[in-house]
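Numbering (our numbering), first residue to last: 67 to 671.
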């Protein structure tokens with residue numbers, strides 16, 4: 067009878083460690099880890115759904131839910147005969163209903179991570195500046211490739227927390243997770259909720275694996291004794307079994323060789339953080355040792371199954387199960403490399419988004435700078451026009467003053483001509499004597515003489531008054547215009563100083579953005595190096611896949627030859643048993659004949 071398929075789903079907020087938990091659960095229970103982001107990257111190259119998703123990504127938009135749902139439904143239908151653990155797909159009720167229509171979900175795991183714990187988890191992330199690798203102080207310490215040992219000491223703690231965005235995304239995902247949780251419980255799915263200690267990834271996961279191990283292997287299920295005091299978990303027995311004779315201290319499941327753990331990958335960590343870090347490293351080593359022991363045990367069971375001759379059908383099914391589990395351990399190794407490549411691709415995409423953001427910021431700053439310069443030029447032009455207007459007014463006043471001077475001179479000349487004419491007339495008439503002679507004026511000419519003197523004095527006084535008034539008006543107008551010009555110049559100087567300060571600040575900002583752009587260019591160069599490393603990794607992966615498939619083909623051929631030998635031995639055993647039965651039958655017939663003879667002899671006697 068075929069064993070029941072396991073279809074599990076995990077829910078949780080972003081950056082809560084779903085990938086790490088899924089990897090551990092998949093390795094412990096023999097499941098295939100399915101991720102929506104992985105399928106999206108695969109379908110971007112060759113599928114109609116991938117083309118539609120690519121159009122959204124090229125416009126810097128999020129892929130809609132209906133596109134992701136169509137993609138995941140098609141992928142899950144092809145994997146309906148496998149055991150899998152789904153990660154990152156169930157985000158809305160529509161997706162949950164579509165998944166419920168195509169397959170039966172056995173278990174839904176919900177990660178209940180508080181906001182404070184999630185923020186602390188993100189603050190413990192570390193990033194390598196050149197390779198852009200992301201690490202964690204608690205459970206994912208750096209294990210750098212041999213080519214990058216010189217860059218290990220340049221790790222820097224990246225500020226990856228934006229509290230407003232994190233709080234808003236946490237609230238929305240929390241509401242969606244509660245809706246999905248209520249829907250799964252209403253549909254009657256088996257559920258399991260992991261609490262706040264999940265970020266430590268050690269004890270809580272071992273508790274989950276032991277309490278759920280009966281779903282996969284009922285014979286080996288043992289219930290652990292758990293004591294809970296003040297939200298802490300403690301175990302009274304070991305969660306894994308170690309085999310020192312067969313295990314080594316290195317992580318054999320990793321394809322690449324890592325540097326010795328004695329080298330300082332991170333800056334000095336305080337003592338209160340070192341002990342939990344060592345505990346998590348020990349837990350990781352124990353789980354890897356357990357997986358290696360399980361792989362060796364599977365190989366030994368296959369060998370013993372091939373050598374045995376009894377219980378042929380049961381051992382054949384058991385051997386097939388063991389072979390499938392061994393293949394799953396091999397695929398988990400390849401999957402780990404794929405996940406490393408996915409992390410690199412995500413980091414490259416984040417860097418490209420940051421570069422585009424800086425480019426947009428530089429463009430906005432340049433536009434604002436051009437607008438400020440245009441405004442400043444307009445104000446300078448207005449000041450120049452006001453100065454030109456003032457100079458025109460001054461020239462007009464000078465022109466009027468010159469005209470007044472000309473009119474006064476003309477009046478003087480006219481008065482002189484009139485006085486000369488009058489003198490000539492008086493001399494000709496003989497009424498007015500010469501002043502040098504000292505004679506007297508005749509009585510009829512005295513009123514005319516007095517009128518002439520009065521008129522001349524009045525004219526002189528009016529001319530002098532007009533001249534003084536014109537000079538005073540010119541001086542006052544000149545003073546007013548000078549004061550107005552000084553005020554305009556002061557305002558212009560103050561505005562120029564303000565705009566110079568603003569321009570200096572904008573130039574500083576522009577220089578900073580240019581420095582950031584130069585840093586982005588350097589990061590692009592580093593990204594090209596990472597791409598070369600990716601190509602090398604892909605080549606290594608292809609070589610390893612070929613080697614794995616060749617080993618699998620050899621194992622299959624050995625498996626088939628072993629079963630053929632078992633069939634031959636069984637057929638020979640059947641022939642031997644048949645001949646033995648014939649011999650026994652012949653002996654029994656002889657004995658019966660002898661007995662009949664003896665009976666006949668006894669009757670005759």
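Even glycine gets a Cβ: it sits at the ideal position worked out from N, Cα and C.
- [ ] Compare the beta carbon distance of residue 105 and residue 128 with 7 Å and say whether it is the shorter of the two.
- [x] no
Open item on the list: For residue 245 and residue 77, which I take to be in contact (beta-carbon distance under 8 Å), what is that distance rounded to the nearest angstrom?
Closed with: Actually they do not touch by this definition, with Cβ atoms about 10 Å apart.
Task: For residue 153, the three-state DSSP class (helix, strand or coil) - done: Under the three-state reduction of DSSP output, residue 153 falls in the strand class.
Open item on the list: Just to confirm my understanding: we take residue 156, look at its own chain, exclude 5 residues before and 5 after, and list those with CB closer than 7 Å. What are they?
Closed with: 75, 77, 162, 165, 246
Open item on the list: Would residue 388 and residue 364 be called neighbours here (beta carbons separated by less than 7 Å)?
Closed with: yes
TODO: May I ask you to report which of helix, strand or coil DSSP gives residue 287?
DONE: Only weak support exists for where residue 287 lies, its pLDDT of 35 falling under 50; the value from the coordinates is given anyway. It is coil, neither helix nor strand.
- [ ] Round the Cβ separation of residue 79 and residue 251 to the nearest angstrom and send it over; I've been treating them as touching at under 8 Å.
- [x] The Cβ separation is near 19 Å, so there is no contact.
- [ ] Helix, strand or coil for residue 324, going by three-state DSSP, please let me know.
- [x] For residue 324, the predicted structure reports a pLDDT of 36, less than 50, and the residue's modelled location is therefore unreliable. A value from the coordinates is still provided. If DSSP states are grouped into helix, strand and coil, residue 324 belongs with coil.
- [ ] Look at the Cβ atom of residue 417, then the Cβ atom of residue 589, and state whether they are nearer than 7 Å.
- [x] yes
- [ ] Can you check DSSP and say which residues form a bridge with residue 77?
- [x] 176
TODO: Compute the beta-carbon to beta-carbon distance between residue 153 and residue 72, rounded to the nearest angstrom, for a pair I have assumed lies under 8 Å.
DONE: The pair is not a contact, with the Cβ atoms about 15 Å apart (cut-off 8 Å).
Open item on the list: My output table needs one value for residue 82: the three-state DSSP class, helix, strand or coil.
Closed with: Reduced to three states, the DSSP call for residue 82 is coil.
TODO: Out of 93, 533, 639, state which residue places its alpha-carbon closest to the alpha-carbon of residue 399.
DONE: 93
Task: According to DSSP, residues forming a beta bridge with residue 101 - done: 153
- [ ] May I have the straight-line CA-CA distance separating residue 356 from residue 609, to the nearest angstrom?
- [x] A straight line joining the alpha-carbon of residue 356 with that of residue 609 spans about 27 Å.
Open item on the list: Between 86, 150, 405, 628, which has its C-alpha nearest residue 70's C-alpha?
Closed with: 150
- [ ] Quick one: grab the DSSP three-state call for residue 72.
- [x] Of the three classes helix, strand and coil, the one that applies to residue 72 here is coil, per DSSP.
Open item on the list: For the structure I just gave you, are there three or more beta carbon pairs, one from the segment 428 to 436 and one from the segment 568 to 576, closer than 8 Å?
Closed with: Counting Cβ pairs under 8 Å, three or more are found: they touch.
- [ ] Go to residue 167, then tell me how far its alpha helix (DSSP H) extends in each direction, as first and last residue.
- [x] Unbroken alpha helix (DSSP H) run through residue 167: 159 to 168.
Task: residue 109 classed as buried or exposed, judged by whether at least 16 other C-beta atoms fall within 10 angstroms - done: buried
Task: Cβ-Cβ distance between residue 118 and residue 133 below 7 Å - done: yes
Task: DSSP state of residue 40 mapped onto helix, strand, coil - done: This structure cannot speak to residue 40, because the chain is shown only from 67 to 671.
Task: Close Cβ partners of residue 586 (< 8 Å) along its chain, the five nearest in sequence each way excluded - done: 417, 420, 421, 424
Task: Beta-carbon gap between residue 525 and residue 481 smaller than 7 Å - done: Cβ distance < 7 Å, so residue 525 and residue 481 count as in contact.
Task: Three-state secondary structure (DSSP) of residue 678 - done: Shown here, the chain extends from 67 to 671; a query on residue 678 therefore has no answer.
TODO: Report, in whole angstroms, the separation of the C-beta atoms of residue 179 and residue 82, which I expect to be a contact under 8 Å.
DONE: 5 Å
Open item on the list: Let me confirm a value: residue 174 is counted as buried when at least 16 other C-beta atoms fall within 10 Å, else exposed. Which label applies?
Closed with: Classification for residue 174: buried.
- [ ] Would you kindly work out how many angstroms separate the C-alpha atoms of residue 520 and residue 529, rounded to a whole number?
- [x] Cα to Cα, residue 520 sits roughly 14 Å from residue 529.
Task: Through-space distance from residue 489 to residue 483, alpha-carbon basis - done: Rounded to the nearest angstrom, the two C-alpha atoms are 10 Å apart.
TODO: For residue 128, name the three-state secondary structure that DSSP assigns.
DONE: coil
TODO: Work out the CA separation of residue 583 and residue 426 for me, nearest whole Å.
DONE: 11 Å
- [ ] Give the straight-line distance between the Cα atoms of residue 396 and residue 170, rounded to the nearest whole angstrom.
- [x] 27 Å
Open item on the list: Distance cutoff 7 Å, beta carbons only. Does residue 481 sit that close to anything in chain B?
Closed with: Note that chain B does not occur in the displayed structure, where there is just one protein chain.
Task: Sub-7 Å separation of residue 562 and residue 449 beta-carbons - done: no
Open item on the list: Can you give me the C-alpha to C-alpha distance between residue 542 and residue 439, rounded to a whole angstrom?
Closed with: 38 Å
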